[in-house]
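Chains B and F are the protein sequences, given in the same order.
For the first sequence, numbering that gives the first Met the number 0 gives the first residue as 0, with consecutive numbering after it.
For the second sequence, numbering that gives the first Met the number 0 gives the first residue as 0, with consecutive numbering after it.
Here a beta-carbon is modelled for each residue, glycine too, at the ideal position from N, C-alpha and C.
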Amino acid sequence: MKHDIGLTVNGVATSATVDSRTLLVHLLREQLGLTGTHVGCDSSNCGACTVLLDGEAVKSCTVLAAAADGASLVTVEGLGSEGDLSPVQEGFRQCHGLQCGYCTPGMLIAATSLLLDNPDPAEEEIRSGLEGNLCRCTGYQMIVESVRWAAEHGGAGAVAAAERDGARA
Amino acid sequence: MIPSQFDYLRAGSVEQALGLLTEHGDEAKLLAGGHSLLPLMKLRLAQPAVLVDIRRLPELTALTESGGVLRIGAGVRYRDLEHSDLVRRTAPLLATAAATIGDPQVRARGTVGGSLAHADPAADLPAVMLALDATVVVRGPGGTREIAIKDFFVDLWQTALEPDEIVTEVRVPSTEGRPHAYVKFRQRSQDWAIVGVGVVGGADPRVALVNMAMTPVRATGVEVALADGASAAEAAAQAAEGTSPVSDLNADADYRRHLSRALEAAR
């Protein structure tokens with residue numbers, strides 16, 4: 000069964016035709032060409048596929064694209080842009096919060112959602128807030144420092160804050 | 000992994016969802032957060048021909064309190080419980096336990112009704128609802144009925160819910176001001192509990208165990224001991240009484256019995 004869906008992706012009104020069984024991550028990567036969102040475990044454990052859905056972090060490997068009809072999504076491509084990074088992206092740059100980079104898109108989105116929930120998290124709160132994201136390089140210490148940097152330099156960022164506010168409205 | 004072919008249908012109301020369940024019978028499954036069902040479908044452990052999406056039905060998302068009873072719509076998410084001042088006040092055990100389920104992304108999708116209907120004995124909410132003495136409200140073609148939580152869980156992944164019924168609400172008597180605790184043992188932060196313990200203290204204490212049988216179970220040995228005036232430590236020694244934990248790759252049954260006593264003592 001095919002579904003014509005409409006959703007907002009990184010601020011842009013987007014329409015697509017998807018199968019019932021199309022997963023949100025595959026819509027993003029294969030139909031919309033947004034390959035910044037990664038597929039890691041494909042079983043809702045690793046968090047590499049994390050995107051903001053109506054301002055909240057979700058694992059897009061375990062959401063049906065058809066069920067996201069009408070939603071507003073932000074992927075890593077939408078957090079900021081070159082020369083205008085979000086505070087979380089800049090924090091990962093300043094504190095070397097990545098090694099191989101595979102988990103990074105999901106980490107950035109999950110950290111952004113965490114900072115929307117809790118703008119001033121302690122180290123332990125960052126660790127528990129990112130428990131849904133695995134780093135295969137085990138570079139967690141620098142990731143925690145990156146999120147702490149972001150908390151002290153602007154927090155979740157304007158794009159994400161607007162998404163959360165928009166979902167509440 | 001992509002699930003087998005199926006038809007996705009979004010219900011516009013509970014009434015319409017019931018109609019779709021009747022129309023498609025055994026071929027249909029309800030979809031809410033999907034964090035139990037979709038992984039099973041990816042692995043071909045479930046292959047429903049039709050999914051009926053009830054996630055966004057406003058009828059199922061109410062979260063209110065009246066007359067000392069917290070009424071939780073089946074579509075209320077773990078995240079909603081975790082961040083609700085009302086839940087923290089009237090059912091603090093529920094808010095505490097909800098904040099430990101899976102991880103933040105999972106908690107943004109998973110729902111109260113979905114967790115109870117899925118009835119995994121390793122899940123947190125079924126045991127917590129048992130400790131809270133909740134009532135499950137379900138609707139079917141013949142109308143609405145209420146099921147006491149102690150009668151709701153029948154066996155592994157099996158409930159008293161009929162195939163053509165939908166969980167619409169869970170009613171939780173207020174435990175405002177009563178002491179509570181939720182403790183679980185797991186090897187990694189997002190893992191399921193190997194064993195968990197949920198407790199509502201005070202007069203008439205209630206203790207429920209996660210993953211100590213095919214269903215969540217009350218630790219009646221602990222409850223009786225506490226009612227007889229035993230200390231918490233003495234009562235905790237009775238935690239495994241009457242349970243039938245499984246042995247699996249994570250832990251054998253004896254270790255689970257030990258954990259139930261240790262966690263009960265530690266809470």
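Counting only C-beta atoms, is residue i closer than 8 Å to chain B at any point?
i                  : result
Leu-225 of chain F : no
Pro-2 of chain F   : yes
Flag residue i as yes if its beta-carbon sits less than 8 Å from any beta-carbon of chain F, otherwise no.
i                  : result
Ser-71 of chain B  : no
Gly-154 of chain B : no
His-37 of chain B  : no
Leu-6 of chain B   : no
Leu-63 of chain B  : yes
Ser-112 of chain B : yes
Ala-161 of chain B : no
Thr-49 of chain B  : yes
Ala-15 of chain B  : no
Ala-109 of chain B : yes
Asp-83 of chain B  : no
Leu-22 of chain B  : yes
What residues from chain F crowd round residue i, counting only those whose CB sits closer than 7 Å?
i                  : result
Lys-58 of chain B  : Gln-104
His-95 of chain B  : Correct list: empty, because the minimum Cβ distance to chain F is about 23 Å.
Gly-128 of chain B : Pro-103
Leu-31 of chain B  : What Leu-31 of chain B touches in chain F: nothing, since even the nearest Cβ is about 17 Å away.
Asp-164 of chain B : What Asp-164 of chain B touches in chain F: nothing, since even the nearest Cβ is about 16 Å away.
Asp-41 of chain B  : Met-0
Along the chain, where does the beta strand (DSSP E) containing residue i start, and where does it finish?
i                  : result
Tyr-101 of chain B : Per DSSP, Tyr-101 of chain B belongs to no beta strand (DSSP E) and is neither H nor E.
Gly-113 of chain F : Looking at the DSSP string, Gly-113 of chain F is not in any beta strand (DSSP E); the run it does join, the alpha helix (DSSP H), is 111-117.
His-2 of chain B   : 1-8
Leu-44 of chain F  : Premise fails: Leu-44 of chain F is in no beta strand (DSSP E) and is neither H nor E.
Phe-152 of chain F : 152-154
Gly-47 of chain B  : A small correction: the amino acid at residue 47 of chain B is Ala; Gly does not occupy that position in the sequence shown. Run containing Ala-47 of chain B: none; DSSP gives neither H nor E here.
Ala-202 of chain B : Lying outside 0 to 168, the shown extent of chain B, residue 202 of chain B is not represented and no answer is given.
Ile-71 of chain F  : 68-72
Leu-8 of chain F   : 6-9
Gly-188 of chain B : The structure shown does not extend to residue 188 of chain B, since chain B is modelled only from 0 to 168, so the question has no answer here.
List the residues of chain B that residue i touches, going by C-beta distances under 7 Å, in chain order.
i                  : result
Ala-107 of chain F : Glu-55, Ala-56, Val-57
Asp-6 of chain F   : Met-0, Ser-19
Who are the neighbours of residue i on chain B, taking C-beta pairs under 8 Å?
i                 : result
Arg-54 of chain F : Ala-66
Following the continuous alpha helix (DSSP H) through residue i, name the residue where it begins and the one where it ends.
i                  : result
Pro-125 of chain F : 123-130
Phe-169 of chain B : A query on residue 169 of chain B cannot be resolved here, the shown segment of chain B reaching from 0 to 168 and no further.
Val-223 of chain F : 219-226
Pro-120 of chain B : It is not in any alpha helix (DSSP H) - Pro-120 of chain B carries neither H nor E in the DSSP assignment.
Glu-162 of chain B : 157-167
Val-13 of chain F  : 13-23
Thr-89 of chain F  : 84-89
Glu-145 of chain F : From DSSP, Glu-145 of chain F is part of no alpha helix (DSSP H) but of the beta strand (DSSP E) over 142-147.
Leu-258 of chain F : 252-265
Gly-77 of chain B  : 75-78
Kindly list, in the order they appear in chain F, the residues whose Cβ is closer than 8 Å to that of residue i.
i                  : result
Gly-131 of chain B : Gly-101, Asp-102, Pro-103, Gln-104, Val-105, Gln-189
Asn-44 of chain B  : Gln-189
Do three or more CB pairs link the region 163-178 of chain F to the region 129-144 of chain F at distances below 8 Å? yes
Using a Cβ cut-off of 8 Å, which residues of the region 184-196 of chain F contact any Cβ in chain B, in chain order? Ser-188, Gln-189
In chain order, what residues of the region 138-153 of chain F put their CB closer than 7 Å to some CB of chain B? none
In the region 33-45 of chain F, which residues sit with their C-beta less than 9 Å from some C-beta in chain B, listed in chain order? Gly-33, His-34, Leu-37, Pro-38, Met-40, Lys-41, Leu-42
Touching by the beta-carbon criterion (3+ pairs, under 8 Å), the region 65-77 of chain B and the region 128-138 of chain B: no
Does the structure place the region 101-111 of chain F close enough to the region 129-139 of chain F that three or more beta carbon pairs sit under 8 Å? no
When you compare the region 193-206 of chain F with the region 109-119 of chain F, are there three or more beta-carbon pairs, one atom per stretch, that lie closer than 8 Å? no
Contact between the region 39-50 of chain B and the region 138-154 of chain B is defined here as three or more beta-carbon pairs at a separation below 8 Å; is this criterion met? no
Output needed in chain order: residues of the region 137-150 of chain B with a Cβ under 9 Å from some Cβ in chain F. none
For the region 39-49 of chain F against the region 100-112 of chain B, do three or more pairs of beta-carbon atoms, one drawn from each stretch, fall closer than 8 Å, so that the two count as touching? no
The region 57-73 of chain B touching the region 10-24 of chain B, judged by at least three CB pairs closer than 8 Å: yes
With a cut-off of 8 Å, do at least 3 Cβ pairs link the region 82-94 of chain B to the region 110-123 of chain B? yes
Does the region 53-62 of chain F come close enough to the region 3-14 of chain F that 3 or more CB-CB pairs lie under 8 Å? yes
Using a Cβ distance threshold of 8 Å, determine whether the region 20-32 of chain B contacts the region 18-27 of chain F, with at least three qualifying pairs required. no
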